[in-house]
Amino acid sequence: MEAVPARARVYVASAALGALLCLLPLPGLRTPWWAVALLAALYAACEHVVRRRLGGTFYPVLLAGAFLLPPPAAALVPLPGALLSPAAHRPQSLRRIWRAAELALTVWGAGWAHWGLGGRDAVVGSDFPYALLPCAAAVLAFCGVLALLDGGILALAEQVPARRAWRGLFSRSLAPVAVHGLAGLMMAVLWRSPYGPVAALLVLLPMCVSWWVFAQYHRERAAHQATIRALVQAVDIKDGYTRGHSERVGRASVMIARELGMDDERVEVLRFAGILHDVGKLGVPTRLLRKDGPLTPEERRIIELHPEYGHEMVRGISFLGEARAAILHHHERIDGTGYPYGLAGSQIPQSARVVAVADAFDAMTSTRSYSRARPVPAAVAELRRCAGRHFDARVVDALTRALAREGWHATVTAESPPPDPPPAPRPGGDRHSAERAAP
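Numbered according to this note's numbering, the sequence shown spans residues 94 to 532.
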């Protein structure tokens, strides 16, 4: 967002104007300014701690404001924290204005949903379980407005295709915001109780502890991802013929997964599967990976062990999920003639069928020292020819549609090819898995 397009600046300005319009009714309202100031200061402090120490955003105070204050007054609560918080990237002032406007509109929307269903009286009278109904409406409104605004900025500032800009934004935010909404409701009820605002602040303590645990999980996940990168780099160093191949297979797997309509969590798992599909080569002798002549039957059997080696290496990384099955089975074939177990048709996990197509496509469209790249249309035609026999036809169709929409940039993965290269490898993966290990 450093070089912000003009249309994105107009979008931010429109959001800021909308936030100002939300504040216009304030002079005619009986606003408890001391409560607004206290909640605004509390949110600014929590946001500073959470962003600096834990990462993320802290919504319970904002939702408590939506439950306690008139909607225009509730829209004031996030402004000091958003305008004063540091921005990680430039332009910082524009980012702060955007964040303040976005949160003001979001809290305003949640406040109207809550008050429109009589939430204020339910909070004052501690009317349970009815108080949960306007709370749920406020959470849905909060998530809806936030997703709508975030999708717009992704499409305009980050130039994410409109088809993908809003995908999953609402569903991903619903669960965490619902938890924050319950904490905000507890704060509001205690605030209105005889125990007063001090008791309401105690609700934040368990929330901060749970947030810290959540942040620790993400740090552990980041460490796992760094481990994955190290493994991929080790494979690239060991088998120079396929340098960069793993990353591109991961990218193609993501394209296919999105085209098949998989949710974002599965798409991420498929990306890891593509990146790690050849990690088992670390267990294969380097002399076999770099051998120029034909493989003996014994050498071929050793090469064909690399999916099992890879599966064994990553089995302890729990968040990989179905990516482990993709690593183990990405050389199976629809007709049952693949390896390591000769699975056929639907017996092959879907993740493995996706990676198999992505693997073969990159092998055919990459220029290496022993073969020139095929044009993308020729590679797609070869995949279609083998669909139903070698590859899952539905997965091949998904890749074809994704390529037609997004295109593909082939990459040189080794030094310049010889003047008269041999024919491109058969589809099925890299040089050793396609050209030598194919039956």
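Yeah, the Cβ is synthetic: ideal placement off N, Cα and C, and Gly gets one too.
Separation of residue j from residue i, as counted between CA atoms
i    : j    : result
P511 : E475 : Low per-residue confidence applies at P511: pLDDT is 40, beneath 50, and the placement is therefore not dependable enough to give any value.
P269 : H424 : 39 Å
R256 : A248 : 9 Å
G245 : D329 : 39 Å
P390 : E499 : 41 Å
S459 : A229 : 52 Å
V232 : A327 : 46 Å
V450 : E313 : 31 Å
S526 : L353 : Confidence at S526 is low in this model, with a pLDDT of 42, below 50, so the placement of that residue should be treated as unreliable; the coordinate-derived value is given next. Their Cα atoms are separated by approximately 26 Å.
I368 : R477 : 24 Å
G289 : A175 : 26 Å
R483 : T199 : Note on residue identity: the sequence assigns His, not Arg, to residue 483. Taking the straight line from one Cα to the other gives about 50 Å.
S411 : G337 : 25 Å
V469 : W501 : 8 Å
R100 : R123 : 38 Å
P173 : A134 : 8 Å
Q185 : L242 : 19 Å
L116 : A495 : 45 Å
L297 : V306 : 14 Å
P118 : A206 : 17 Å
P222 : G212 : 11 Å
V105 : V253 : 16 Å
F365 : M355 : 15 Å
T150 : Q318 : 23 Å
D490 : S444 : 15 Å
A250 : Y152 : 24 Å
G481 : M457 : 19 Å
T506 : A466 : Because the pLDDT of T506 is 47, which lies under 50, any placement of that residue in the model is unreliable, and the number read from its coordinates should be weighed accordingly. T506 and A466: Cα-Cα distance of roughly 10 Å.
L267 : Q309 : 21 Å
V97  : R192 : 15 Å
Residue i, enclosing alpha helix (DSSP H) - first and last residue
i    : result
Y104 : 99-116
T124 : Here T124 belongs to no alpha helix (DSSP H), and DSSP marks it neither H nor E.
F454 : 443-458
A293 : 289-294
A355 : This sequence places Met at residue 355; Ala is not what is there. It is not in any alpha helix (DSSP H) - M355 carries neither H nor E in the DSSP assignment.
V253 : Unbroken run through V253: none, as it is neither H nor E.
P400 : 399-407
Y476 : A small correction: the amino acid at residue 476 is Leu; Tyr does not occupy that position in the sequence shown. It spans 469-479 - the alpha helix (DSSP H) in which L476 sits, taken as one unbroken run.
A157 : 153-161
D214 : 212-217
I410 : Per DSSP, I410 belongs to no alpha helix (DSSP H) and is neither H nor E.
Where residue i sits in the DSSP three-state scheme
i    : result
A194 : helix
A271 : helix
A224 : coil
A168 : coil
A175 : helix
F484 : strand
D385 : coil
H502 : coil
S186 : helix
E415 : coil
V329 : Correcting the residue identity first, residue 329 is Asp in this sequence and not Val. Of the three classes helix, strand and coil, the one that applies to D329 here is helix, per DSSP.
Y136 : helix
H338 : helix
E508 : Because E508 carries a pLDDT of 42, less than 50, the predicted location of this residue cannot be relied on, and the following value inherits that uncertainty. Here E508 sits in coil by DSSP.
T320 : helix
G435 : coil
A350 : helix
S266 : helix
A377 : Correcting the residue type first, residue 377 is Val in the shown sequence and not Ala. Reduced to three states, the DSSP call for V377 is coil.
I427 : coil
Beta-carbon proximity of residue i to residue j, cut-off 8 Å
i    : j    : result
A345 : D485 : no
D428 : H370 : no
A197 : A293 : no
G202 : V154 : no
M280 : L492 : no
E195 : A108 : yes
P164 : Y136 : no
G274 : L131 : no
R359 : A350 : yes
P400 : L375 : no
V216 : R285 : yes
D357 : R265 : yes
V596 : L324 : Residue 596 lies beyond the range of the chain shown here (94 to 532); nothing can be said about it.
L210 : L226 : yes
E392 : L381 : yes
R446 : V488 : yes
V362 : E415 : yes
Counting beta carbon pairs with one atom in the segment 435-442 and one in the segment 401-411, are three or more of them shorter than 8 Å? no
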